[in-house]
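For reference, the structure discussed in these notes is given below.
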Amino acid sequence: MATTIDEVYDNTWDDPRKRSPLVTGGLDYGQVTSTVTAIAEIPAPPRAWYILMAISLCLLGMLGVLLLHLILSGVGVWGNNNPAFWGWPIVNFVFWVGIGHAGTLISAILFLFRQNWRTSINRAAEAMTIFAVVCAGLFPGVHIGRVWVAYWLFPIPTEHLAMWPNFRSPLLWDVFAVGTYATVSTLFWYMGMLPDLATFRDRAKTKWKRMFYGILCLGWTGSARAWHRYEMAYTILAALATPLVLSVHTIVSFDFAVSQVPGWHTTIFPPYFVAGAIFSGFAMVITLLVPARALFNLQHLITMRHLENMCKIIVATGLMVGFAYTIEFFIAWYSGVKTETQTFIMRAFGPYWWAYWTMFSCNVFIPQLFWFKAVRTSPVAMVVISIFVNIGMWFERFVITVTSLSRDFMPSSWAYFRPTFVDIGMFIGSFGLFMTLFLLFCRFLPVVAMAEVKSVMPHDEEHH
Amino acid sequence: MTQSHNHGSTEATTQAGPTSRLVGILAEFSSPDKLVHACDQARQAGIRRMDAYSPFPVHGIDPAIGIRRTRLPFFVLAVGLSGLFLALGLQFTVNATDAVGPFPGYPFLISGKPLFSLPANIPVTFEVIVLSSAFATLFGSLALNGLPRFANPLHRIPRFKKATNNGFFLMIEAEDPNYNPRQIRNQLEQWGAEALEEVHLDLTDQKLPGFVKMVFVLLLALCTLPPALIYRARGDSNSLPRLHFNPDMDWQYKSKAQRGAPNIGADDKNPEWIFADQRAMRVIVPGTVVRGQLRDDGQFFTGIVDAPQGTTAIDKDRQYVSTDSAGLQDAGVAQDTAAAPPEPNWMTTFPERFEVTAETMARGKQRFDIYCAVCHGTTGSGDGMVNQRAMSLNALQKANWTTARSLHDHTVIGQPVGRIFDTISNGRGTMGPYRSQITVEDRWAIVLYIKALQDSMSEAVMQDDDGKWVPVRTVAPAVVAPADAGSVPSNDAATPVTNEGGQAETATETKANGDGGTSAENPGENSGGTN
Chain Y
6 MATTIDEVYD
16 NTWDDPRKRS
26 PLVTGGLDYG
36 QVTSTVTAIA
46 EIPAPPRAWY
56 ILMAISLCLL
66 GMLGVLLLHL
76 ILSGVGVWGN
86 NNPAFWGWPI
96 VNFVFWVGIG
106 HAGTLISAIL
116 FLFRQNWRTS
126 INRAAEAMTI
136 FAVVCAGLFP
146 GVHIGRVWVA
156 YWLFPIPTEH
166 LAMWPNFRSP
176 LLWDVFAVGT
186 YATVSTLFWY
196 MGMLPDLATF
206 RDRAKTKWKR
216 MFYGILCLGW
226 TGSARAWHRY
236 EMAYTILAAL
246 ATPLVLSVHT
256 IVSFDFAVSQ
266 VPGWHTTIFP
276 PYFVAGAIFS
286 GFAMVITLLV
296 PARALFNLQH
306 LITMRHLENM
316 CKIIVATGLM
326 VGFAYTIEFF
336 IAWYSGVKTE
346 TQTFIMRAFG
356 PYWWAYWTMF
366 SCNVFIPQLF
376 WFKAVRTSPV
386 AMVVISIFVN
396 IGMWFERFVI
406 TVTSLSRDFM
416 PSSWAYFRPT
426 FVDIGMFIGS
436 FGLFMTLFLL
446 FCRFLPVVAM
456 AEVKSVMPHD
466 EEHH
Chain E
47 MTQSHNHGST
57 EATTQAGPTS
67 RLVGILAEFS
77 SPDKLVHACD
87 QARQAGIRRM
97 DAYSPFPVHG
107 IDPAIGIRRT
117 RLPFFVLAVG
127 LSGLFLALGL
137 QFTVNATDAV
147 GPFPGYPFLI
157 SGKPLFSLPA
167 NIPVTFEVIV
177 LSSAFATLFG
187 SLALNGLPRF
197 ANPLHRIPRF
207 KKATNNGFFL
217 MIEAEDPNYN
227 PRQIRNQLEQ
237 WGAEALEEVH
247 LDLTDQKLPG
257 FVKMVFVLLL
267 ALCTLPPALI
277 YRARGDSNSL
287 PRLHFNPDMD
297 WQYKSKAQRG
307 APNIGADDKN
317 PEWIFADQRA
327 MRVIVPGTVV
337 RGQLRDDGQF
347 FTGIVDAPQG
357 TTAIDKDRQY
367 VSTDSAGLQD
377 AGVAQDTAAA
387 PPEPNWMTTF
397 PERFEVTAET
407 MARGKQRFDI
417 YCAVCHGTTG
427 SGDGMVNQRA
437 MSLNALQKAN
447 WTTARSLHDH
457 TVIGQPVGRI
467 FDTISNGRGT
477 MGPYRSQITV
487 EDRWAIVLYI
497 KALQDSMSEA
507 VMQDDDGKWV
517 PVRTVAPAVV
527 APADAGSVPS
537 NDAATPVTNE
547 GGQAETATET
557 KANGDGGTSA
567 ENPGENSGGT
577 N
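Residue numbers (this note's numbering), protein chains in the order written: chain Y, 6 to 469; chain E, 47 to 577.
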C-alpha cells in the first residue's frame with residue numbers, strides 16, 4: 006500500500022539525489038481521505054471555528070444592514086462625491102477581484118506548468134477565489150445606484166429600455182470579464198470537487214447527508230473512462246482559465262487605463278494589475294491556510310514546502326509591483342507631461358502621502374523579509390507579512406482610484422476624499438461575507454483535493 | 047476471497063430470474079499497479095467490455111483497458127467557435143446597425159468613431175468564447191460520462207464505497223462475448239484480485255420513491271397554470287395598464303402642464319391633488335424672505351439712491367426693457383430718456399457694501415471679459431467678436447442686429463454708476479438682462495471696471511520729451527458716431543502718436559487700443575496697435 010514519507014523530514018530543502026516529497030506523515034490513501042473528511046465528519050468543529058463564525062456572522066449582518074441602508078437611501082451615504090466619484094466601493098471591488106486571482110492561478114497556471122505541489126492547496130484557493138469574487142461583485146453591483154435595474158448591465162432585450170449596452174466601453178467589458186470569471190471559476194471548482202464529493206457521499210452516515218452529497222456529486226463512480234474525460238476536461242478548463250485569469254485583471258485595469266485621468270492613462274496597467282492581483286491573492290491564501298492548516302490538522306498535506314513556495318511567489322510578484330511603482334514615476338518624468346508628473350509627485354508627497362507610503366512599505370519593503378529562510382518557514386511571520394501585503398494592496402487600489410480622481414487636470418475641481426461610516430462598515434462587512442462563506446466551505450466541503458493528492462503520492466511498483 | 051460470498055451475490059444467485067439481472071463481476075485490487083496489470087491481462091484475454099474504478103486517475107490505465115481518446119476537445123472547439131460568432135454578431139447587430147426586428151439595433155455614435163471597431167469588441171468576444179467553451183467542457187464531459195446518474199447498481203455494493211477512498215476495482219461486464227462466469231473468477235484471482243463480487247441490477251426496485259412522484263405531479267399541475275391563465279384571458283380586453291413590476295419613477299406624483307390632476311391614478315372624475323389648493327408648489331409665506339434673497343440694501347441691489355430699504359423683491363416688476371424696447375429700437379439713442387419713465391435718482395458713487403479695491407477691479411475685468419466683451423469688445427469700444435460677425439451679416443442682409451454700444455460713447459461716458467449697474471441688471475435696448483447670470487457684487491465690479499476703461503480712454507497720458515506726463519488726447523471725444531459706418535474716420539489723434547518714436551511704445555499701445563473705439567470702422571489702420 007502506498008504511503009507518504011514518514012520521517013522527520015524538512016521538505017523545504019532540495020536533496021539533489023531525490024525528489025522532495027509533496028505530502029508527508031506516513032499516510033496511506035485511506036488516511037489521506039480520513040484526514041480531509043474528518044473536518045466535515047467530526048460532530049462539532051473546534052471552538053475557534055465557532056468563534057470565527059460568530060464574528061463573521063456579526064460582520065455579515067452589519068453588511069446586510071448597511072446594504073439595506075444604502076439601497077433605501079441612495080449612494081449619497083457613501084463618501085463618493087465630486088470629484089472622487091469612485092471611492093471605496095471601486096477600491097474594494099478591485100481589492101477583492103485581485104484576491105480572487107490566486108485560486109485560478111494555482112488551479113490553472115500551475116496545473117499547466119505541472120507544479121504538483123498545487124494539489125494540496127488548490128481546492129481552498131479556488132474556494133477563496135469564488136468567495137472573493139462574490140465580495141467583489143457586490144460592490145459594483147450596488148455602486149450602480151439603482152440596484153433594481155442591475156440587469157441593464159447585461160445585453161438583455163427590454164421593451165422598456167429599448168436600447169443596448171455599449172460594447173466598446175471598458176465598464177461593460179468588466180461586466181463580461183468578472184461575470185465570466187465568476188462562472189468559470191465556479192465550474193472549475195465544482196468539476197474538481199466531483200470526485201471528492203463522491204468520497205463524502207460514500208462516507209456519509211446519515212440519509213440526508215448521503216442525499217445532499219449524492220446529488221452534488223452527480224453519481225460519480227470514478228470509472229477509468231470517466232477519469233479519462235475528466236482529466237481532459239480539467240486540462241481544457243485550465244487552458245481556458247489561464248488566459249481568462251490574465252484577462253480579468255487586465256480588463257479591470259482598462260476601467261482606469263482607457264480613461265484619460267492622469268495617473269490612470271498608462272499602458273503599464275494591465276501587467277501591473279495582474280502582478281498585483283497574484284501578489285494579493287497568494288497573500289490571502291497564506292492568511293487563510295496557515296490557521297486552517299493548524300485548526301484542522303492538515304500539516305502533512307499542506308506542508309511547509311507549500312507555504313514556502315507561496316512566500317517565494319509573493320516575493321517575486323512583490324518585486325514586480327515595486328518595479329511598476331517605480332517605472333510609473335520614471336514614465337511620468339520621462340513623458341514630460343505636466344499633469345502626469347504633478348499627479349505622481351502629489352501621490353507621494355501630497356495630501357495622500359500616508360496612503361502612498363503605507364502601500365509602498367507594505368507591498369515593496371516588508372515582503373523583502375521573505376528573502377530569509379527563517380522568515381519564509383515561520384507560519385507566524387508569514388501570516389503577519391501576508392496581512393501587511395493585504396493592507397498594502399488595498400491601499401494600492403485606494404491610491405490609484407482616489408488620488409487621481411481628487412486631483413485631475415482642473416485645479417478648480419480638486420478636493421479631498423473622506424469616507425463615511427457606511428464605506429468603512431461595508432468594507433469590514435465584506436470580510437464577514439467572505440469569512441462566513443469560507444468557514445462554511447471548511448466545514449461542509451472537501452478542503453483539500455483528495456483525489457489529486459493521492460495521484461501525486463509515491464506508490465510502490467512491486468508487481469511490475 | 048472469502049469476503050466475496052456476501053449477501054448481495056448469494057441472494058441474487060438463489061433468486062435468479064426476472065427479479066434481477068447480472069451486470070458483471072467486480073474485482074478489488076490493493077494497488078493501482080495491480081489494477082493496471084489486471085486490466086492488461088483481461089484485455090489480452092480478449093475481454094473488451096470492462097471498466098476500472100479508482101479514487102484517482104491511474105496512470106497507464108487507458109491503453110490497458112483500451113480507452114480511446116475522447117472527442118471532447120472537438121466539441122469544445124465547436125462551441126467556442128460558435129461563441130466567437132455569436133459574440134461578434136451580437137455586438138455588431140445591436141451596436142453597429144439599426145436593424146429592425148424583435149430586438150432592434152441601437153447604433154452608438156461616440157466621438158465620431160466607427161460603429162464597429164474590432165479591437166474594442168475583442169474583450170467581450172474573448173470572454174464569451176471562454177464562457178461558452180467552459181460550459182461546453184463541463185457539460186460535455188458530464189454528458190459523455192453519462193452523468194448525472196443517480197441510480198447505479200454499483201452503489202448497492204458496500205464494498206464499492208472504497209472506490210472513492212482507497213479501493214481499486216475492475217468490473218467485467220456480463221454482456222462481454224467472452225464472459226464466462228466460472229473462468230472469469232479464476233482469471234481475476236489469478237491476476238491478483240483480493241475480492242470478487244457479482245453486480246446485479248435489481249429489477250424489482252425500479253420504482254421512483256414516493257416523494258419524487260409527488261414532486262413530479264405537483265410540477266405537472268403547475269405547468270398547466272400558464273395555459274389555463276392564457277385561456278381565461280383569450281379575447282379579453284382590459285383598461286388597466288399592463289403590469290409594471292418595477293415602477294422606477296416612470297409614474298411620478300407631479301403636476302404636468304395641460305393636465306388637470308397629477309398623473310398618478312389619473313382619474314378626471316375624481317382628481318387627486320398634490321395640495322388642496324390644486325397647486326403643485328407652495329406660495330411663499332407672507333412676511334418671510336427666501337434664503338439667500340434678502341434685499342435689505344436697496345442702493346446695493348438697484349443702484350438707485352432712494353431705493354426702498356428692506357423690500358424683499360426689488361428685482362421684480364422693474365422692466366424698462368419690456369415696456370419700452372420697441373420704442374427704443376425705432377427711435378434710437380436720443381429718445382431713450384424721453385421714452386422711458388422719469389429717470390430715477392441714479393447713484394453716482396459706489397454703494398457702501400461694495401469695496402473699490404484692486405481685487406474687485408481685477409474681478410470686474412475678468413467678469414467683463416466673460417460676459418460683456420463678446421459684444422462690447424475687450425476695450426469696451428463695441429467691437430466684440432459677436433458684434434463684428436453680426437455686422438458683417440447685416441451688411442449681407444442676413445441679420446438685423448443692433449450694434450453693440452461703445453462704452454466710450456458720449457451717451458455712456460457720463461452715465462452714473464447706478465445707471466450702468468441697472469443696465470447690466472435689467473438690460474436696455476436690445477441688450478438682455480444679466481441679473482441672473484452675474485451676481486450683484488460682480489455687477490458692481492464690472493461697473494467699476496467699465497468706469498476704469500472709460501477713464502483710461504478719456505484721460506490717456508503719455509510722456510513728452512521732458513518726461514512729463516501729458517494727455518494724449520488733445521481732441522475731446524465729442525465727435526463720435528460709432529453706428530455710422532459711412533463717416534470719415536478721424537485719425538488725427540492716431541497719426542501724431544505713432545510718429546512719436548520708440549520711447550512712447552506703451553503709451554502708443556494704450557492709445558491705439560483706445561482709438562479702436564472711435565475708429566472702429568477702419569480696422570486696417572489700427573490693426574498694428576491692437577494685439
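Positions of the beta carbon are idealized from the N, C-alpha and C atoms, including for glycine.
{"Check": "Hey, ASP33 of chain Y and LYS207 of chain E are a contact pair by Cβ (cut 8 Å); roughly how many whole angstroms apart?", "Outcome": "Actually they do not touch by this definition, with Cβ atoms about 17 Å apart."}
{"Check": "For the segment 324–352 of chain E, enumerate the residues whose C-beta is nearer than 8 Å to any C-beta of chain Y, in chain order.", "Outcome": "none"}
{"Check": "Please report the straight-line C-alpha distance between CYS269 of chain E and PHE262 of chain E, rounded to a whole angstrom.", "Outcome": "10 Å"}
{"Check": "Using DSSP with H/G/I as helix, E/B as strand and the rest coil, what is THR65 of chain E?", "Outcome": "coil"}
{"Check": "For LEU155 of chain E, return the contacting residues in chain Y, with the cut-off set at a CB-CB distance below 9 Å.", "Outcome": "Result: empty, since nearest Cβ-Cβ is about 11 Å, beyond 9 Å."}
{"Check": "Checking contacts by CB at 8 Å: is ARG234 of chain Y closer than that to chain E?", "Outcome": "yes"}
{"Check": "Could you work out which residues of chain Y lie near TYR99 of chain E, taking near to mean beta carbons separated by less than 8 Å?", "Outcome": "THR226, GLY227, SER228, ALA229"}
{"Check": "Going by other Cβ atoms of all chains shown within 10 Å of its Cβ, with 16 needed for buried, is MET431 of chain E buried or exposed?", "Outcome": "exposed"}
{"Check": "Under 8 Å between beta-carbons, which chain E residues line up against ALA238 of chain Y? List them in chain order, please.", "Outcome": "LEU118, THR183, LEU184, GLY186, SER187"}
{"Check": "What are the start and end residues of the beta strand (DSSP E) that includes LEU247 of chain E?", "Outcome": "241–248"}
{"Check": "Should LEU77 of chain Y go down as buried or exposed, given a rule of 16 or more other Cβ atoms within 10 Å for buried?", "Outcome": "exposed"}
{"Check": "Determine the direct distance from the alpha carbon of VAL263 of chain Y to that of GLY142 of chain Y, and round the result to whole angstroms.", "Outcome": "21 Å"}
{"Check": "Taking the alpha-carbon positions, what's the TYR156 of chain Y to THR38 of chain Y distance?", "Outcome": "43 Å"}
{"Check": "Taking the alpha carbon of MET309 of chain Y as the point to measure from, which residue in Y:LEU202, Y:ILE390, Y:LEU444, Y:SER125 has its own alpha carbon closest?", "Outcome": "Y:SER125"}
{"Check": "Output needed in chain order: residues of the segment 340–367 of chain Y with a Cβ under 7 Å from some Cβ in chain B.", "Outcome": "No chain B appears in this structure, whose protein chains are Y and E."}
{"Check": "Under 8 Å between C-beta atoms, does VAL453 of chain Y make it to chain E?", "Outcome": "no"}
{"Check": "Strictly below 8 Å CB to CB, what residues from chain Y border LYS300 of chain E?", "Outcome": "Correct list: empty, because the minimum Cβ distance to chain Y is about 19 Å."}
{"Check": "Residues bridged to ARG474 of chain E by DSSP?", "Outcome": "E:MET477"}
{"Check": "Between ILE429 of chain Y and THR408 of chain Y, what straight-line distance do the alpha-carbon atoms span, to the nearest angstrom?", "Outcome": "18 Å"}
{"Check": "Report the rounded CA-to-CA distance for ARG195 of chain E versus PHE215 of chain E, giving the unit in angstroms.", "Outcome": "19 Å"}
{"Check": "Under 7 Å Cβ-Cβ, which residues of chain E neighbour PHE172 of chain Y?", "Outcome": "GLN137, ASN141, ASN167, VAL170"}
{"Check": "Taking contact to mean 3 or more Cβ pairs, one atom from each stretch, closer than 8 Å, check whether the segment 396–407 of chain Y and the segment 90–98 of chain Y are in contact.", "Outcome": "yes"}
{"Check": "Secondary structure at ASN472 of chain Y, three-state DSSP: helix, strand or coil?", "Outcome": "As shown, chain Y starts at 6 and ends at 469. That puts residue 472 of chain Y outside it, with no answer to give."}
{"Check": "Quick one: give me the first and last residue of the alpha helix (DSSP H) that PHE162 of chain E is part of.", "Outcome": "It is not in any alpha helix (DSSP H) - PHE162 of chain E carries neither H nor E in the DSSP assignment."}
{"Check": "State the beta-bridge partners of ASP201 of chain Y as determined by DSSP.", "Outcome": "DSSP, once it has assigned bridges, lists no residue as partnering ASP201 of chain Y."}
{"Check": "For PHE354 of chain Y versus PHE334 of chain Y, is the C-beta spacing smaller than 8 Å?", "Outcome": "no"}
{"Check": "Any contact between the segment 160–172 of chain E and the segment 193–204 of chain Y? By contact I mean 3 or more CB pairs, one from each, below 8 Å.", "Outcome": "no"}
{"Check": "Going by alpha carbons, who is nearest to ALA180 of chain E out of E:GLY333, E:GLU221, E:SER128?", "Outcome": "E:SER128"}
{"Check": "Once you ignore the five residues that flank ILE273 of chain Y on each side, which residues in its own chain have a CB closer than 8 Å to its CB?", "Outcome": "ALA329, ILE332, GLU333, ILE336"}
{"Check": "In angstroms with no decimal places, state the Cα-to-Cα distance between VAL279 of chain Y and LEU340 of chain E.", "Outcome": "59 Å"}
{"Check": "Tell me which same chain residues have a C-beta within less than 7 Å of the C-beta of LYS459 of chain Y, skipping the five on either side of it?", "Outcome": "TYR34, VAL37"}
{"Check": "Using Cβ-Cβ distances below 7 Å, what residues of the segment 205–236 of chain E are close to chain Y?", "Outcome": "LYS207, ALA209, THR210, ASN211, ASN212"}
{"Check": "How would you call ALA379 of chain Y, buried or exposed, if buried means at least 16 neighbouring beta carbons within 10 angstroms?", "Outcome": "exposed"}
{"Check": "Quick one: which unbroken beta strand (DSSP E) runs of 3-plus residues sit fully inside the segment 208–287 of chain E? Chain order, please.", "Outcome": "214–219, 241–248"}
{"Check": "Is the CB-CB distance between ALA130 of chain Y and ALA107 of chain Y below 8 Å?", "Outcome": "yes"}
{"Check": "Show which residues of chain Y have a CB atom less than 9 Å away from the CB atom of TYR495 of chain E.", "Outcome": "Going along chain Y, no residue has its Cβ under 9 Å from TYR495 of chain E, so there is no contact; the nearest lies around 22 Å."}
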